[in-house]
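A quick write-up on the structure given underneath.
Chains as they are written, first to last, in our numbering: chain L, 1 to 121; chain S, 122 to 251.
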């Protein structure tokens with residue numbers, strides 16, 4: 001399964017929609033099968049990267065554990081859409097995944113176009 | 122060309138479940154191959170045999186079943202997403218001690234590995250919904 005570049009788009013906010021969690025679960029499962037995707041957080045998906053979340057207050061499981069597992073599964077190319085951050089008033093120091101560098105991209109279209117397969121969550 | 126589809130929306134909720142079906146029909150009619158349809162997230166509801174839409178509305182589950190019969194399609198419902206939402210095969214219902222099973226004939230439950238396999242083997246993966 002190697003040799004096919006795959007990008008997963010994470011577009012949903014962390015707790016408003018099950019796609020955020022299930023998207024990360026799909027990404028981790030693919031990585032476990034040696035199909036290691038890169039990730040691009042964009043639109044409301046950038047909210048997944050905010051630190052200091054307290055989802056227990058709304059009886060939700062934290063997504064942090066799934067995010068922290070990414071580097072352990074070999075997923076290290078992680079991008080975030082710079083414009084999505086600006087539109088939501090989020091600064092670079094508010095977003096973090098422990099153990100991974102999250103790189104800002106300005107031209108998401110150019111990034112996406114370079115991949116063989118794109119998953120969308 | 123070899124296609125795989127990922128369906129993330131429930132039928133009768135979002136247009137995208139119906140669009141996935143129409144896209145599948147169109148690509149088969151043009152002579153392309155459909156490697157697999159993977160139903161994930163709310164898309165697992167496409168595999169529930171208990172859906173009973175009014176007679177003047179499209180019966181998406183029945184239409185997927187008919188397409189599956191005609192072309193021998195591989196319709197895979199993600200088992201983890203299906204358990205959460207109550208789409209169970211006979212064996213899963215028994216294992217989980219639930220009182221009923223509702224996975225439609227023609228669909229099968231399998232893990233996320235089938236999505237990774239579809240990515241690896243299809244020329245194009247097209248996602249619907251979410």
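We put the CB at the ideal spot given by N, CA and C, even for glycine.
For clarity, every value in this text was computed on a predicted model and none was experimentally measured.
If you run the structure through DSSP and keep just helix, strand and coil, what is residue i?
i, result
"residue 86 of chain L", "helix"
"residue 130 of chain S", "coil"
"residue 38 of chain L", "strand"
"residue 188 of chain S", "helix"
"residue 247 of chain S", "strand"
"residue 50 of chain L", "strand"
"residue 136 of chain S", "helix"
"residue 178 of chain S", "coil"
"residue 45 of chain L", "helix"
"residue 25 of chain L", "helix"
"residue 1 of chain L", "The predicted position of residue 1 of chain L is uncertain, since its pLDDT is 46 and thus under 50; no value can be drawn from it."
"residue 242 of chain S", "helix"
"residue 212 of chain S", "helix"
"residue 164 of chain S", "helix"
"residue 142 of chain S", "helix"
"residue 183 of chain S", "helix"
"residue 217 of chain S", "coil"
Opposite residue i in the DSSP bridges: which residues?
i, result
"residue 199 of chain S", "S:231"
"residue 123 of chain S", "S:154"
"residue 210 of chain L", "Since the displayed chain L opens at 1 and closes at 121, residue 210 of chain L lies outside it and no answer follows."
"residue 8 of chain L", "L:39 and L:119"
"residue 169 of chain S", "S:224"
"residue 159 of chain S", "S:127 and S:197"
Contact defined as beta carbons within less than 8 Å: I believe residue i pairs with residue j. What is the distance between those atoms, to the nearest angstrom?
i, j, result
"residue 80 of chain L", "residue 41 of chain L", "5 Å"
"residue 222 of chain S", "residue 214 of chain S", "4 Å"
"residue 90 of chain L", "residue 50 of chain L", "7 Å"
"residue 159 of chain S", "residue 197 of chain S", "5 Å"
"residue 97 of chain L", "residue 70 of chain L", "6 Å"
"residue 128 of chain S", "residue 139 of chain S", "Between residue 139 of chain S and residue 128 of chain S the Cβ distance is about 10 Å, and since that is not below 8 Å, they are no contact."
"residue 200 of chain S", "residue 117 of chain L", "Not quite, the Cβ-Cβ distance comes to about 22 Å (not below 8 Å), so this is no contact."
"residue 86 of chain L", "residue 102 of chain L", "Not really, about 15 Å apart at Cβ, beyond 8 Å."
"residue 234 of chain S", "residue 33 of chain L", "5 Å"
"residue 145 of chain S", "residue 126 of chain S", "6 Å"
Among the options, which one has its Cα closest to the Cα of residue i?
i, options, result
"residue 83 of chain L", "L:44, L:70, L:24 and L:36", "L:44"
"residue 226 of chain S", "S:217, S:123, S:193 and S:202", "S:193"
"residue 166 of chain S", "S:206, S:248 and S:158", "S:206"
"residue 76 of chain L", "L:20, L:27 and L:13", "L:27"
"residue 177 of chain S", "S:187, S:133, S:240 and S:126", "S:133"
"residue 30 of chain L", "S:244, S:249 and S:232", "S:232"
"residue 114 of chain L", "L:37, L:101 and L:25", "L:37"
"residue 188 of chain S", "S:161, S:218 and S:150", "S:150"
"residue 258 of chain S", "S:229, S:209 and S:128", "Coverage of chain S is limited to positions 122 through 251, which leaves residue 258 of chain S absent and any answer about it impossible."
"residue 6 of chain L", "S:204, S:190 and S:246", "S:246"
"residue 123 of chain S", "S:211, S:170, S:156 and S:137", "S:156"
"residue 135 of chain S", "S:179, S:148 and S:154", "S:179"
"residue 72 of chain S", "L:16, L:10, L:11 and L:35", "There is simply no residue 72 of chain S to check, as chain S begins at 122 and stops at 251 in what is shown."
"residue 67 of chain L", "L:92, L:120 and L:47", "L:47"
"residue 251 of chain S", "S:164, S:212 and S:152", "S:164"
"residue 183 of chain S", "S:241, S:137 and S:224", "S:224"
"residue 23 of chain L", "L:8, L:74 and L:32", "L:8"
"residue 174 of chain S", "S:241, S:242, S:131 and S:240", "S:131"
"residue 204 of chain S", "S:243, S:126, S:148 and S:168", "S:168"
"residue 143 of chain S", "S:161, S:185, S:162 and S:170", "S:185"
"residue 39 of chain L", "L:54, L:55, L:11 and L:86", "L:11"
"residue 190 of chain S", "S:216, S:228 and S:154", "S:228"
"residue 13 of chain L", "L:111, L:74, L:57 and L:88", "L:88"
"residue 60 of chain L", "L:93, L:72, L:74 and L:21", "L:21"
"residue 57 of chain L", "L:121, L:112, L:15 and L:4", "L:15"
>> Threshold first: 3 residues or longer. Then list the beta strand (DSSP E) segments lying entirely within the stretch 53–114 of chain L, N to C.
In response: 78–81 and 102–105
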